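Line by line, the protein sequences are chains A, B, C and D.
Following this note's numbering from start to finish, the first sequence increments by one per residue and tops out at 367.
Following this note's numbering from start to finish, the second sequence increments by one per residue and tops out at 734.
Following this note's numbering from start to finish, the third sequence increments by one per residue and tops out at 1101.
Following this note's numbering from start to finish, the fourth sequence increments by one per residue and tops out at 1468.
All C-beta atoms, glycine included, are put in the ideal place defined by N, C-alpha and C.
Source: prediction; values computed, not measured.
The next block holds one structure in the form of structure tokens; read it before the comments.
Protein chains: 4
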Amino acid sequence: MDSFRSVIMPAPGAPLEVISTAFPKLEPGAMLLEVHLAEVCGTDVHLHHGRLSGVPYPLVPGHVCVGAIADLNGEVKDIYGHTFGVGDLVTFLDVHETCGNCWHCLVGKNSTRCPSRKVYGITYGQQDGPLGGWAEYVYLKPGVQAIRLPRELSADTFIGGGCGAPTAYHAVERSGLRMNDTVVVQGTGPVGLSAIAFARIRGAGQIIAIGAPQDRCFLALAMGADQALNFEEVPESQRLDIIRSITNGRGADVVIEATGSPAAIVEGMNLTRDAGTYLVVGQYTDNGETSMNPHLHLNRKHLNLLGCWGSDYSHFSGAIQTMARYQEKIPWRELAKWRYSLDRAAQALDDIQERRVPKAVLNVIHI
Amino acid sequence: MDSFRSVIMPAPGAPLEVISTAFPKLEPGAMLLEVHLAEVCGTDVHLHHGRLSGVPYPLVPGHVCVGAIADLNGEVKDIYGHTFGVGDLVTFLDVHETCGNCWHCLVGKNSTRCPSRKVYGITYGQQDGPLGGWAEYVYLKPGVQAIRLPRELSADTFIGGGCGAPTAYHAVERSGLRMNDTVVVQGTGPVGLSAIAFARIRGAGQIIAIGAPQDRCFLALAMGADQALNFEEVPESQRLDIIRSITNGRGADVVIEATGSPAAIVEGMNLTRDAGTYLVVGQYTDNGETSMNPHLHLNRKHLNLLGCWGSDYSHFSGAIQTMARYQEKIPWRELAKWRYSLDRAAQALDDIQERRVPKAVLNVIHI
Amino acid sequence: MDSFRSVIMPAPGAPLEVISTAFPKLEPGAMLLEVHLAEVCGTDVHLHHGRLSGVPYPLVPGHVCVGAIADLNGEVKDIYGHTFGVGDLVTFLDVHETCGNCWHCLVGKNSTRCPSRKVYGITYGQQDGPLGGWAEYVYLKPGVQAIRLPRELSADTFIGGGCGAPTAYHAVERSGLRMNDTVVVQGTGPVGLSAIAFARIRGAGQIIAIGAPQDRCFLALAMGADQALNFEEVPESQRLDIIRSITNGRGADVVIEATGSPAAIVEGMNLTRDAGTYLVVGQYTDNGETSMNPHLHLNRKHLNLLGCWGSDYSHFSGAIQTMARYQEKIPWRELAKWRYSLDRAAQALDDIQERRVPKAVLNVIHI
Amino acid sequence: MDSFRSVIMPAPGAPLEVISTAFPKLEPGAMLLEVHLAEVCGTDVHLHHGRLSGVPYPLVPGHVCVGAIADLNGEVKDIYGHTFGVGDLVTFLDVHETCGNCWHCLVGKNSTRCPSRKVYGITYGQQDGPLGGWAEYVYLKPGVQAIRLPRELSADTFIGGGCGAPTAYHAVERSGLRMNDTVVVQGTGPVGLSAIAFARIRGAGQIIAIGAPQDRCFLALAMGADQALNFEEVPESQRLDIIRSITNGRGADVVIEATGSPAAIVEGMNLTRDAGTYLVVGQYTDNGETSMNPHLHLNRKHLNLLGCWGSDYSHFSGAIQTMARYQEKIPWRELAKWRYSLDRAAQALDDIQERRVPKAVLNVIHI
């Protein structure tokens, strides 16, 4: 065998294809990962719709995946200095080439806005090498930050968290959530569901999810929400009444937006108490504008409104360690149960787009 | 003499009147303040337009004033335990009756959102007593937090800062401004001008003011701005270009909004760098909605957007001490040079409304 | 019945006495609490040894207790505006008369250092009224902050947390503990045990307790520790090795001291990683000095070393709400199982002093 | 000319020598700096006494210097993407090889504790190349972070700040100093003097320096202190009285230690107010232990005690920009007036050691 199969997205809107890819020669410090499970998520739908900027089509999608090291060139170590070996079950931070040498990296200390940053399966194209997870193998360039899965963390649970978990981990940390805070999570997709889990783990008081359809509301409860309001059934004014009624009229201490819909913003501001925190993490693509009242929603409310972009190594490793510790209590693996072969990647993408499933997983290598 | 003169605002839109008020009997712990200088500011215009809620007309306006203690009942002390005496030159925190016993006071620790809070000259009406500064005397109820002016701080400088100074002090503190930060201040009214001063005092790098008309731009420079962009002459796209050009394309680290105009919000977001802070303190009345793009302006920008409401004792005393220390370097007193007698309060209000002057001062007692 | 029984501590070192106390007349806003359970803790031992300053002997000890409202004068409300009624099961914040009007309250915003602050059962003497919990009734002065126990929180669980719970809650909040942080808790008394519980609730990673004797180590595991090192068996160097071995040599992210022993300080510094946080909350009385190396322990370590004093309403109510939510998972009630009648208060005190029990509870009213 | 002169420190205690060094061949991305001014500071004394660990003697000392680019290989850019050219007046961050890939860099986000970190003139030895500033030329390895001096910043002012400026900048930032805070700076060496300056720039209220001898006390006043207490004349108890008398008995809000003497620690704790911040930045070498009382000094005081180690690019560039803005107001250049030729480096070191001068500057190239 001197080639392997990959899914190619040739151009925005063009049908996916399964192609044969030659095995890459490994540079010193590089590793070859045999992919077991790869994620299909909402970002991949945006990718297929051509809604992300800076994407060098054609490309192999798949920013988050997990598998076994098939080969490596020289000694490659994790951040603790432990050497990787063939057969290790690992994942890796999709974000690569954060430069460590620009204003954002050195002075602003917000590396997720580093302009050199590249992302596997999104901003690397086919001509850059086999750098996407929807494939039998993915090439880990030298410097890619790989992490061995902790022994107690299954690949299923990990991919159930997927890219939503570190994003949500970042969001919950950045929100400054304190014990007993009443929390609203808007959205019950992968980011929202993990945000519920991490808010619960971090000691939130009441957690109220707002989402749809009903099966995702049930998932929200399973992930740790006390209540899940189906927005197709409970109108906005009633949602506000409910949040106020459980907070003596104040509103939630922390609201986390994970919807992707601009219309959610004003509701989120209304649901947040005076001097509370509203964290916006779901607006990953440009879905247009929304209107708000800066007197009522910002100034008089003394609001903390925080945008939250991307995640870095600390969020990725933090999410992994947390999922490892709580995998028996929080059913991330339930999010990984919709499986597809590489050949059915188009179907997976379609199911995500049509919201038939909250998350799809490519079951690349059957082990 | 058993009565004194006060300016009454009978109702929204109704002409101001000068009336005669009987001297109040002092409760234990109360003081009577002979007013020297009282401020007329934009809030008083809103008051006259009936745009603030919870105002018990008729009332004596004037939330910030300074004068001498004319009488007091019993021993009254400042927060350091120093006893006040007749003749002391004092001012007082207009906010009163913060309860110290509600959720916002005790748990949220954001007392400016305490629902019991009353404000001299705004939420006290005529029937509550002589509780507004546009008068020869004002009654300081027991518990009102009075502050002796520091010896080195003139009443002129103090009233030049007026209510804008503690508001701006709060805003600059809450913004988390760090040394060398590039700062944009939107608005060159009293709050914006003091924000420039405090940003300068706190060690900002470049400070760029955006305001109008030209004389306020000059004032902005005098208060510490490095550049003042007249928005009547420099269009928005050019303002953005200027800010970007002095920040290697990034945008300002901190932007402080002090305009009152919803239209300023999107510009402010655009002027702020990724992961920077945009603090909104100028939207004190409801001037309607504005539109923004949550993907571009919040999420991808990783923005910290902070509303800022009111001020408490710490901001009031902090502003006073800072003005005392810097009164030779920063010309707050220039903001106090437009003087009016009590009889000309209507003219003062009109001049503020028509933006003929940035601030008007009632020169109540000529000393 | 026109009198009730109270335990008096006449003077440092003098034997406790049970006396008869006349029922007080209730001022407007006051309440009378029928005590069900009252705590005996290490502070009471210090009180009996005369090691606390500002104690007006003779006094009725007992700063934390829980019981039913027996009487009240007029309408008394909690901070949410809900009216108390006879029969309500309540507790109250032992700290009273925080002034809300001094520098610490208004400017420093650290009210636990307010000099006017009084504490039930500690700084109120017998002549001030029946203001201690080791009695059949305690007088709640107007303004005392009472809290109804949440329906799902039993009095047993509450008193098991006792005064250690809000102290530990404050400590864990102040430590800034983040998800996945490795935490060491020094000390397995009531504060240490609750600190373990709150650290677990807040999402800590590994928690290692250091304590003795062995039964408290078992309690530490029950409260949420992953490991409990008995310091009578595991020597200091080995403790350091263990912490380092589970943190890739770095040391713990957060160490919380709850021992009362100055000798614990240097060990705590050594156990904390570079740029980690060491929070000292157990040094409530003066047990002398200790030696440390400011180069190694502070400067080069880039340490955050935080002292933590007392607790305020937010910590008290936060602890109560958290205990209510987690009472099925965390066995606070196990700490309340050593019961004594009022007549056996001296025995309770002795058992605490001799460390025969981690906590003693006066079972005042058998219900 | 194919060689240049360097000062060598052969071993701890051995006399310095001036040697001839061959010009290095430049790797791609490397630059050669013609040294104009190089600093001799207290760390160099420690280096000569063999008190720092990890020093590969023999070495060329000199961690901070400034000069002109004499040569460079290929295109070398600063963090803004601007290309360096021959003749540019630059300095560079002495800290190099911070790995960007270890736990401290990626998760703890405290890169000054990165174990891979190397420091020019301290942890690079002679065999590593010409990597110390006490020489006519210094080799800037690829990846060294060089900064062009801002046009308005003279080399004199820069070297007057020297390594003390970024250290002090870090300390003042980390202290969280707020406007109007009363600040005590212990120590009037280069770090203390710059800490005074940055505290003043950041808007401190009263600043009190404690130092000696008298000429450094005068320098402290020139740098921005309101008072400078000569500790050879004003005894400790009186110093405490003075600080308390200007703070209504509370103590200073922020105390910054920059002495190097363990004995200063307890005084610093005593000088800090309850719930204030004590920042320890002066204990750069191990000068032994000191004793403190954890009840009085930490716990009851609710102290924030922060160690502060090293500085990173943000502190270095922040200090440079601030010195550029304030060079007319704050006399850093006065600290640069004690000049020595390379041949007199031993004399410079001796003058520093004997505290005859606060700072010594090697005037390498006379321009």
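Query                                                                                                                                                                 : Result
Taking the continuous beta strand (DSSP E) assigned at D:Cys1166, which residues delimit it?                                                                          : 1166 to 1173
Interface residues of chain D around C:His1036 at Cβ under 7 Å?                                                                                                       : Asn1211, Thr1213, Arg1214, Gly1408, Cys1409, Trp1410
Out of B:Phe565, B:Val731, B:Arg706, point me to the one whose CA is closest to B:Ile697's CA.                                                                        : B:Phe565
Cβ of D:Ala1437 within 7 Å of any heavy atom in the ligand ATP?                                                                                                       : This structure does not include the ligand ATP; it has no bound ligands of any sort.
At a Cβ threshold of 8 Å, is B:Thr644 touching chain A?                                                                                                               : no
Below 6 Å CB to CB, which residues in the same chain sit around B:Leu596 once its five sequence neighbours on both sides are set aside?                               : Ile577, Arg606
Restricting to Cα atoms, I'd like to know which of B:Arg484, B:Gly452, B:Leu473, B:Val422 is closest to B:Gly677.                                                     : B:Arg484
Please list, in chain order, all residues of the same chain as C:Ala938 whose beta carbon is under 7 Å from its beta carbon, the five residues on each side excluded. : Leu911, Asp915, Val917
Residues of chain B with a CB under 9 Å from the CB of D:Glu1274: which are they?                                                                                     : Arg545, Met546
I need the straight-line Cα distance from A:Thr43 to A:Val255, nearest angstrom please.                                                                               : 22 Å
Provide the residue span of the beta strand (DSSP E) that contains A:Ala209, from first to last.                                                                      : 207 to 211
For B:Asn730, which residues does DSSP report across the bridge?                                                                                                      : B:Leu404
Counting only the same chain and skipping the five closest in sequence on each side, list residues whose C-beta sits under 6 Å from that of D:Cys1318.                : Gly1312, Ala1329, Asn1331
Compare the C-beta of A:Arg250 against all C-beta atoms of chain B and say whether one is closer than 8 Å.                                                            : yes
Determine the extent of the beta strand (DSSP E) in which B:Glu357 is found, giving its start and end residues.                                                       : As shown, chain B starts at 368 and ends at 734. That puts residue 357 of chain B outside it, with no answer to give.
Look at the alpha carbon of B:Arg700 and the alpha carbon of B:Ala589, and state the distance between them as a whole number of angstroms.                            : 11 Å
For the candidate residues A:Glu267, A:Val364, A:Gln206, A:Gly224, whose alpha-carbon lies nearest to that of A:Glu236?                                               : A:Glu267
So A:Ser314 contacts chain D; which residues on that side make the cut at Cβ distance below 9 Å?                                                                      : Leu1207, Val1208, Gly1209, Lys1210
Determine the chain A residues that contact B:Gly454 at a beta-carbon separation under 8 Å, and present them in chain order.                                          : None at all; the shortest Cβ gap to chain A is about 38 Å.
Between the Cα of B:His664 and those of B:Cys675, B:Asn637, B:Ser684, spot the shortest distance and give me the residue it belongs to.                               : B:Asn637
Grab the span of the alpha helix (DSSP H) containing C:Asp987 for me, first residue to last.                                                                          : From DSSP, C:Asp987 is part of no alpha helix (DSSP H) but of the beta strand (DSSP E) over 986 to 991.
Considering only residues of the same chain and omitting the five flanking positions on each side of C:Met1026, which have a CB-CB separation below 7 Å?              : Ile999, Val1000, Met1003
Does DSSP put B:Tyr506 in a helix, in a strand, or in coil?                                                                                                           : strand
Within a Cβ cutoff of 8 Å, which residues of the same chain sit near A:Glu289, ignoring the five residues on either side of it in sequence?                           : Pro262
Put A:Tyr120 into one of helix, strand or coil per three-state DSSP.                                                                                                  : coil
In chain C, which residues lie with their C-beta within 7 Å of the C-beta of D:Val1220?                                                                               : Within 7 Å Cβ-Cβ: nothing; D:Val1220 doesn't reach chain C, min ~14 Å.
Kindly indicate which residue of B:Gly396, B:Asp717, B:Gly559, B:Leu456 has the alpha-carbon position closest to the one of B:Asp523.                                 : B:Leu456
With a Cβ-Cβ cutoff of 8 Å, do A:Ile207 and A:Arg200 count as a contact?                                                                                              : yes
Using beta carbons (cut-off 8 Å, strictly below), is D:Ser1217 in contact with chain A?                                                                               : no
Nearest by alpha-carbon distance to B:Val427: which of B:Lys444, B:Ala405, B:Gly448 is it?                                                                            : B:Ala405
Give a yes or no on whether the minimum CB-CB distance between B:Asp501 and chain C is below 8 Å.                                                                     : Here residue 501 of chain B turns out to be Trp, not Asp, going by the sequence shown. No - not a single Cβ of chain C is within 8 Å of the one on B:Trp501.
Going along the segment 1289 to 1305 of chain D in order, which residues come within less than 8 Å of chain B, judged by CB to CB distance?                           : Phe1299, Ile1302, Arg1303, Gly1304
By the three-class DSSP mapping on this structure, what secondary structure does B:His449 have?                                                                       : coil
Taking the beta strand (DSSP E) that C:Leu955 belongs to, which residues open and close that run?                                                                     : Segment 948 to 957 is the alpha helix (DSSP H) holding C:Leu955; no beta strand (DSSP E) there.
If you measure from the beta carbon of C:Gln1055 to each beta carbon in chain A, is any gap under 8 Å?                                                                : yes
Counting only Cβ pairs nearer than 7 Å, list the residues of chain B close to D:Gly1419.                                                                              : Met546, Asn547
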